[in-house]
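The structure appears below as C-alpha cells.
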Amino acid sequence: TKRVAILISGGGSNMVSLVQDMQSGDHPCEPVLVVSNVPDAGGLKKAVDLGVETAVVDHKPFGKDREAFEAELTRVLELAQPDIICCAGFMRILTETFTKRWGGQMLNIHPSLLPKYKGLHTHQRALDAGDAEHGCSVHEVTAELDGGPILGQAVIAVEAEDTAETLAARLLAWEHKLYPAVLRRYAAGDRSMLRLG
Ligand code: GAR
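In the UniProt record's numbering, the protein residues as written are 2 to 198.
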C-alpha cells in the first residue's frame with residue numbers, strides 16, 4: 002500500500018473525502034498523516050475522528066522565510082515517509098526547493114478549470130468572465146503555481162442566479178468525487194486525464 006500524507010489549511014472537506022475513500026477497503030493507499038499550517042484548522046479534529054495521525058506546522062513563526070517553514074514541513078513529512086502527498090485546501094505558495102523535493106509525488110486540487118484562474122477568487126473570476134462552465138482540477142504540483150500536469154477535471158454549468166458562494170458549494174461536491182478518483186488512478190500509475198461532470 003502507498004502511504005499518503007495530506008496537507009490542509011482549513012475545513013478539510015477534501016481531506017475527509019480522500020481519507021474515507023482510502024478507508025473504504027479495496028484501495029491502494031493508506032492515510033498516514035494530515036498536516037495543517039493553521040493550528041486551529043477545522044480539518045484537524047475531523048482527521049483525529051477518522052483515526053488519522055495529525056501534525057501542525059504553523060507558518061507564522063517563520064515570518065517571510067518560506068524556505069525555513071518548508072524545511073520544517075519536510076522534516077515532519079519525512080518522519081511519515083509518504084509515497085504521495087495530497088494538497089487539499091493547503092493555502093501556502095510553495096518554493097521551488099519544496100516542489101523539487103516532493104516532485105513527482107505531490108498532487109493538488111484547485112477550484113477552477115486550469116489553466117484558467119490560477120491563484121485565488123476563482124469562482125468570482127469565472128462569474129465576472131461570464132463563463133458558461135466552471136469546474137475543478139487535480140494536478141501534479143510543480144514549481145509553477147497551479148501549473149503542473151492536469152490529472153482530472155470536473156465540469157459544472159454556471160447558472161444565471163449563481164453567486165461565488167453557490168458556485169463554490171456546488172463545485173465542492175464535485176471536488177469530493179474528483180480527488181479520490183484521481184488519487185486511486187495516480188496510485189495505480191495512471192497519469193491519463195479523468196473527466197467528470
Ligand atoms: C477547496 O475548494 C479547494 O479546491 C480550495 O480550497 C477549498 C478547501 O476546502 N483550494 C484552493 O483554493 C487552493 N488554491 P476544504 O478545506 O474543505 O477541502
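Using N, Cα and C, we set each Cβ at its ideal position, and we do this for glycine too.
Within 10 Å of its beta-carbon, does residue i have 16 or more other beta-carbons around it, so buried, or fewer, so exposed?
i           : result
residue 85  : buried
residue 18  : buried
residue 184 : buried
residue 176 : buried
Return yes when the C-beta of residue i is under 7 Å from any heavy atom of the ligand MN, and no when it is not.
i          : result
residue 87 : Of the ligands one can find in the structure shown, namely the ligand GAR, none is the ligand MN.
Would DSSP call residue i helix, strand or coil?
i           : result
residue 16  : helix
residue 43  : helix
residue 31  : strand
residue 177 : helix
residue 107 : strand
Tell me the DSSP bridge mates of residue i?
i           : result
residue 134 : 158
residue 56  : 36
residue 140 : 109, 151
Which residue's Cα is closest to the Cα of residue i: the options?
i           : options            : result
residue 112 : 95, 68, 88         : 88
residue 121 : 161, 194, 169      : 169
residue 30  : 181, 197, 198      : 181
residue 21  : 51, 56, 39         : 51
residue 14  : 186, 172, 198, 192 : 172
residue 162 : 33, 142, 115, 133  : 133
residue 129 : 145, 179, 160      : 160
Is it the case that the CB of residue i approaches a heavy atom of the ligand GAR more closely than 7 Å?
i           : result
residue 107 : no
residue 149 : no
residue 111 : yes
residue 9   : yes
residue 25  : no
residue 194 : no
residue 38  : no
Residue i CB to nearest chain B CB: under 8 Å?
i          : result
residue 92 : You won't find chain B in this structure, because it holds only one protein chain.
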